[in-house]
Structure formats: C-alpha cells, structure tokens
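S.K.: Can you keep this structure in mind? I'll have questions shortly.
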Amino acid sequence: MSSAPEPRVRLATAQDADAVFRLLTGFATTYRPDPDRFTAVTFPEVLRAAAEGRAEFLVADQQSRVVGYAYAARIPTLFAGGTVLELLELAVDAPLRGHGTGSRLVREVQHRARQAGDAEVTVPTRRAADFYRRLDFTETATYLKWPSPPRP
Ligand SMILES: CC(C)(COP(=O)(O)OP(=O)(O)OC[C@H]1O[C@@H](n2cnc3c(N)ncnc32)[C@H](O)[C@@H]1OP(=O)(O)O)[C@@H](O)C(=O)NCCC(=O)NCCS
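As numbered in the numbering used here, residues 15 to 166 make up the sequence shown, in order.
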C-alpha cells in the first residue's frame, strides 16, 4: 500500500477558512474561537495582512486537504532596526503529527523571514519549546501578558 505524499506548504487562501478554523479549535487553549467572528473579521484580516506583507499565513496541503497552518505577524521595531516576525499560531492535525509537517511550516516561515529581511523570528510558547529548539530557536525572554478586560 502506498502512503500519502508529504504535505506541500503553500500560502493560505480564502478557501482554507473552514480547515483553518478546525485546526484553530484544536490549537487554542486560552481563547475559545468564535466561528462568526472568525469568518467575518479575524480570518479576512489575517489574509489581508499576509497579502500586504504584514504577516505570513501558510498552510500544509496534503492532496488538497489542509492538515496544518502557521500564522506569523510582521512587526516593525525600533530595537532591531527593522521588522521582527512573530510566529503566533502553529498547528498540525493531531493524527498527522510527528511526520515533519510542523517543522516544514516553521522552515518556510524562517525562509520567508530571510527573504523579507526580518531581523529575527520569535515565538511565544508554553507547550512546544523543545520543538522550536530543534529548529535553531534559542530562549531569549520571558513572555508576560495582560489580558485586556472587555470594553464596558
Ligand atoms: C507543535 C506541532 C505544530 C508540531 O507539529 P508536527 O508536525 O508534529 O512536528 P514535526 O513532525 O515536524 O516534529 C518534529 C519533532 O518535534 C517533536 N515535537 C512535536 N511537538 C512537540 C512539542 N510540543 N514539544 C516538544 N517536542 C515536540 C516531535 O516529537 C518530533 O520529534 P521526532 O522527530 O523525534 O519524532 C504539533 O505538535 C501541534 O500542532 N501541537 C499542538 C499545537 C501547538 O502546541 N502548537 C505550537 C504552539 S506555539
């Protein structure tokens, strides 16, 4: 029996919305994604940011089925003398993990950062630091957050 071909990493498109939402619901732990807001606001915003070069938004496509995605925001900085690419979301379908798809997505993010002249790629992570260390990331800072309360 022949096994499925390796997923191909490509740019995300509007047609990937449902697949990305499915992966997002498996990835998000702190926030529960709202499907209506995803469809109307956040997904189109991220697509637009990627089209304008303000983000990288990639999917891993296995025979026209999206099995993983990566989203990184390109942030202008003063301290680095240019842009920093922050990898904010990375997820691979649970049954397909451990076959190199996550690494392939991160390698493509790194490649695109080099092409764009970003000073560095950063990644806030609690669950996967060892995964990133294998991909040449090194620990640099403690990441704190202040959850903004809902508007009155
Ligand atoms: C992290 C994640 C994207 C990796 O995807 P993947 O396709 O399994 O990655 P790869 O197959 O390229 O893994 C490469 C190696 O990293 C290891 N690895 C995977 N996830 C890891 C984790 N969370 N912590 C430490 N090591 C991990 C794998 O075991 C594998 O090691 P091996 O080659 O010795 O078997 C995937 O596990 C996932 O979607 N996790 C849930 C969401 C998540 O934690 N995202 C990252 C948060 S920033």
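Cβ coordinates follow ideal geometry from the N, Cα and C atoms, glycine included. These figures come from a predicted structure and were not determined experimentally.
In terms of DSSP beta bridges, what is Tyr6 paired with?
M.R.: This structure leaves residue 6 out entirely; the chain is present only between 15 and 166.
S.K.: According to DSSP, simplified to helix, strand and coil, what is Arg140?
M.R.: In this structure, Arg140 counts as coil in the three-state DSSP scheme.
S.K.: Closest to Arg128 by C-alpha separation, out of Arg24, Val80, Arg88, Ala42, would be which residue?
M.R.: Of the listed residues, the one whose Cα sits closest to Arg128 is Arg88.
S.K.: Can you give the beta carbon distance from Pro49 to Phe35, rounded, assuming they're within the 8 angstroms contact cut?
M.R.: With a Cβ gap of about 6 angstroms, Pro49 and Phe35 count as contacting.
S.K.: With distances taken between CB atoms, is the gap from Phe41 to Ala105 smaller than 9 angstroms?
M.R.: Going by C-beta atoms, Phe41 is nearer than 9 angstroms to Ala105.
S.K.: Identify whether Pro21 lies in helix, strand or coil by the three-state DSSP scheme.
M.R.: Pro21: coil per DSSP, three-state reduction.
S.K.: Assess contact between the segment 114-128 and the segment 141-149, defined as three or more Cβ pairs (one per stretch) separated by less than 8 angstroms. Is contact present?
M.R.: Yes, since at least three Cβ pairs between the segment 114-128 and the segment 141-149 fall closer than 8 angstroms, the two stretches touch.
S.K.: Run the proximity test for Thr139: is its beta-carbon closer than 8 angstroms to any non-hydrogen atom belonging to ligand 1?
M.R.: Yes; taking the cut-off as 8 angstroms, the Cβ of Thr139 has a heavy atom of ligand 1 nearer than that.
S.K.: What three-state label does DSSP hand Arg88 in the structure shown?
M.R.: Of the three classes helix, strand and coil, the one that applies to Arg88 here is strand, per DSSP.
S.K.: Run through DSSP, which three-state label would Glu122 get?
M.R.: It is helical.
S.K.: Is any heavy atom in ligand 1 found nearer than 8 angstroms to the beta carbon of Thr115?
M.R.: Yes.
S.K.: Determine the contact status of Val73 and Arg24, defining contact as a CB-CB distance below 9 angstroms.
M.R.: Yes. Within cutoff.
S.K.: Going by the DSSP bridge assignment, what does Thr152 pair with across the sheet?
M.R.: In DSSP, Thr152 forms no bridge with anything.
S.K.: Looking at Arg148 and ligand 1, is the gap between the Cβ and the nearest heavy atom below 8 angstroms?
M.R.: Yes, the beta carbon of Arg148 sits closer than 8 angstroms to at least one heavy atom of ligand 1.
S.K.: Quick check on the burial criterion: 16 or more other C-beta atoms within 10 angstroms. Buried or exposed for Ala172?
M.R.: With the chain represented from 15 up to 166, any question about residue 172 goes unanswered, as that position is not in the structure.
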